[in-house]
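Structure, as structure tokens:
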Amino acid sequence: MLILTRKLIFLVTFTLIYLLINVTNITLAQPEFRYYVCGDNGNYTTNSPYQRNLKTTLSSLHTTNSGFGFFNLSTGQGGDRVNSAALCQGDMEPELCMSCLNDSTIMLPKVCPNQKEAVGYYGRCLLKYSNADVLGNINMEGTGIVVNTQSAWDRDRFMGALDVLMSKLKIDAAAGDSLLKFATGNTTGSDFVTIYGLVQCTPDLSEAQCRECVENAYDKYVSSGSSGRIGGTCFLPMCRYSYDTHRFYNGSTMVIPAPPPPVLQATPPGLSPPTPLPAKSSNATRLVIIVTVIMTTSAIIIALICIFLRMRRNKEQKHVPPTNIENETTDIGNVESLKYEFNVVRTATNNFSKYNKLGQGGFGAVYKGMLRDGHEIAVKRLAKDSRQGEVEFKNEVLLVAKLQHRNLVRLLGFSLEGSERLLIYEFLPNGSLDQFIFDLTKRSLLDWQTRYKIISGVAKGLLYLHEDSRLMIIHRDMKASNVLLDTEMNPKIADFGTARLFNQEETQGQASRIVGTYGYMAPEYVMHGNFSVKSDVFSFGVLVLEMITGQKNQCFQNGETEEYLLGFAWKNWQNGTTANIIDPILKAGLGSLGDINRSIHIGLLCVQENVSDRPTMSSVVLMLNSNSLSLPIPSEPAFFVNSNTNHGFDSFSTCTTHSENHTTSKPAPSQYSVNDVSISDVVPR
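Take 0 as the starting number for the sequence shown in numbering that gives the first Met the number 0 and just add one per residue.
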């Protein structure tokens, strides 16, 4: 009997799980817009320039993420120009946001097969494109209204509470910055029901435009006859107005006090209020429902736990962990779909020919390859005698496979065979940033606009690592040689072998061994092994100053004296002579001296010795994108003094005693990079 009961529990649980999985898969496989509008700005024909531009725009739109779920891209010229934008709900997980965007870019051209303008709304994201402007255009047509058919009993009190809540959310959302205009909250309505509200605008709108758009959405919602319903949404191409009596968003929420109840009025003639259940009967019914739900849920959970524990125990008894080297990478099965056959990669690189070799690092060599389909790849081949490199390989595969951002290098796959470990990346033809910025000839190709684009892109990539990915990641080796450049000189952060992952509760860590490159490492990290997101901020500040000066962060010759970059920059910033540190190539160009000086200011804010004084990367991105934002005054930067008698930090403007390799002699250039690796657990958030 006991055995039969256990089998029955297993069968029921398995059936429920099977049905849940299949229903979920069907739902995801066949997404439908909640609402869409095909505009009247004209039509396009098959294979026309407009259709080609539309396909190009929609296929690349996902690469323009602002870091907060807003995308915009334009392609083409004149009447064939396609302008597009997309917006995800402000608290939406990045993976779900990208999935929603991908579904939208496939579905919208299907439901509007030849219209030049279209707007589509899923529940938590919108997509719009047009041959007219889509940014800052609050008059763009395309209203979608979704309502709950149930009406509030005490309509006046419900609407009074709702209006107070949504007015507050409208103000808070409009007051957001140029990256996010989003607010949520709740209040108590009639019959003690909780009302949840959400307001969001596309971040390209001004504060006044956002308020106007939300007010317009409210007017359209009311005029549709939906007022008094217990839930509803009005979508506009530039904003959204939503409320319901159940929570439909993630994240924290503000609580708005409910307004006082209105004076009771007699029931209007011809309208009879519903007869409420007696209190005891209502409470008893609720109790039965609650107990039933709890018991059913508990039974299913217990059954699942028992099944999981039994399967785990059986697996542990049957399988003894192998002792060979393959066991060190058994936990990368979650990216098994990225695995390449070793022979395929070997053929692509012409058997790792020296003529295909792109460079050499502490981990091994990098080779250029070409797959049979014509795609170019970069292959990182681990040194066979590098035990440290095997850990680096494992860390990088686990980490990079989970990251998707236009300013991060894209991992295509990996290969394992015997002692061979390979990482396969997208090939970036322009190589690394250091090959340009520190080369007098190639540096002339980097005007201020290009350098600013690189600085801004790296900042956005670090912001994604620190705050917007599923994992909070500290790179720990941010430097010019770890920034790769694509054909359009867009930057992509690379080399995550030394990166460290954090969960939500952690804010900093301490390393038993120092990893990274001297000159880029923050003082608290070199001295005490303490690192945090502010360590990457310090490295970014060094990179910014290198981009502006064209000099490495080490001793360099300045006339008859030797200078140290951070000290040189600080001294000239204090004296108001920043023109002395600007690369002469930039002086001869058309770059804005004001923008360059502002970037120097931001770089000095990032390299301050006190950790708490340095800005976060979200603040850095905001400072780079808003010239109207006033900047705080930086304090003196940290300088690394590393001799056989003084291993610490001090303030100085020249580098006659400076050394990079713990001796008093100046090292060769190859000695500057120190890449030691520590491994941490992968903790998703």
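Each residue gets a CB set at the ideal place from its N, CA and C atoms; glycine is no exception.
Rounded Cβ spacing between residue i and residue j (contact assumed at less than 8 Å)
i, j, result
"Val525", "Cys605", "Incorrect: roughly 16 Å between the Cβ atoms, too far for contact."
"His465", "Met616", "5 Å"
"Ala382", "Leu357", "The pair is not a contact, with the Cβ atoms about 15 Å apart (cut-off 8 Å)."
"Arg405", "Thr62", "4 Å"
"Met106", "Phe32", "6 Å"
"Arg371", "Ile584", "With a Cβ gap of about 42 Å, Arg371 and Ile584 do not count as contacting."
"Glu635", "Trp569", "6 Å"
"Asn686", "Val541", "Nothing can be reported for residue 686, as the shown portion of the chain is limited to 0 through 684."
"Phe413", "Leu422", "5 Å"
"Asp467", "Asn429", "Contact flag wrong, Cβ pair sits at about 26 Å."
"Gly143", "Tyr34", "3 Å"
"Asn147", "Asp39", "With a Cβ gap of about 31 Å, Asn147 and Asp39 do not count as contacting."
"Ile580", "Phe567", "6 Å"
"Ala493", "Val408", "4 Å"
Three-state secondary structure assigned by DSSP to residue i
i, result
"Met91", "coil"
"Glu340", "coil"
"Lys551", "coil"
"Arg420", "strand"
"Leu303", "helix"
"Thr577", "helix"
"Ile599", "helix"
"Thr440", "coil"
"Cys124", "strand"
"Ser480", "helix"
"Val133", "coil"
"Arg469", "coil"
"Tyr524", "helix"
"Asn82", "strand"
Element boundaries [beta strand (DSSP E), containing residue i]
i, result
"Ile584", "That residue, Ile584, is in no beta strand (DSSP E); its alpha helix (DSSP H) goes Pro583 to Ala587."
"Cys200", "Thr193 to Cys200"
"Tyr366", "Gly363 to Met369"
"Ala182", "Lys180 to Thr187"
"Asn489", "Element bounds for Asn489: n/a, residue is neither H nor E."
"Leu381", "Glu375 to Leu381"
"Leu72", "Phe69 to Thr74"
"Cys238", "Cys238 to Asp243"
"Val36", "Tyr34 to Cys37"
"Leu235", "Gly231 to Leu235"
Rounded C-alpha distance that separates residue i from residue j
i, j, result
"Asp79", "Asn130", "7 Å"
"Ser591", "Pro490", "21 Å"
"Thr296", "Asp171", "39 Å"
"Ala458", "Ser618", "10 Å"
"Arg450", "Leu72", "21 Å"
"Gly363", "Asn355", "14 Å"
"Trp447", "Asn574", "23 Å"
"Trp689", "Gly188", "Limits of the chain in this structure are 0 at one end and 684 at the other, which puts residue 689 out of reach."
"Thr346", "Val145", "56 Å"
"Gly184", "Arg246", "10 Å"
"Ala521", "Pro631", "20 Å"
"Cys111", "Lys401", "34 Å"
"Leu445", "Tyr519", "22 Å"
"Asp476", "Val344", "28 Å"
"Phe351", "Gln359", "13 Å"
"Met97", "Lys367", "30 Å"
Exposure of residue i, with buried meaning 16 or more beta-carbon neighbours within 10 Å
i, result
"Glu523", "buried"
"His374", "exposed"
"Lys109", "exposed"
"Ala207", "exposed"
"Phe495", "buried"
"Met91", "buried"
"Glu340", "exposed"
"Gln550", "buried"
"Gln199", "buried"
"Ala174", "exposed"
"Asp102", "buried"
"Ile304", "exposed"
Alpha helix (DSSP H) segment containing residue i, residue limits
i, result
"Ile144", "Looking at the DSSP string, Ile144 is not in any alpha helix (DSSP H); the run it does join, the beta strand (DSSP E), is Gly143 to Val146."
"Ser59", "Pro48 to Ser59"
"Glu206", "Glu206 to Ser222"
"Arg156", "Arg154 to Ala173"
"Arg450", "Trp447 to Leu462"
"Leu402", "Segment: none, Leu402 is in no alpha helix (DSSP H) and carries neither H nor E."
"Leu623", "Met616 to Asn624"
Cβ of residue i within 8 Å of any chain D Cβ
i, result
"Val525", "You won't find chain D in this structure, because it holds only one protein chain."
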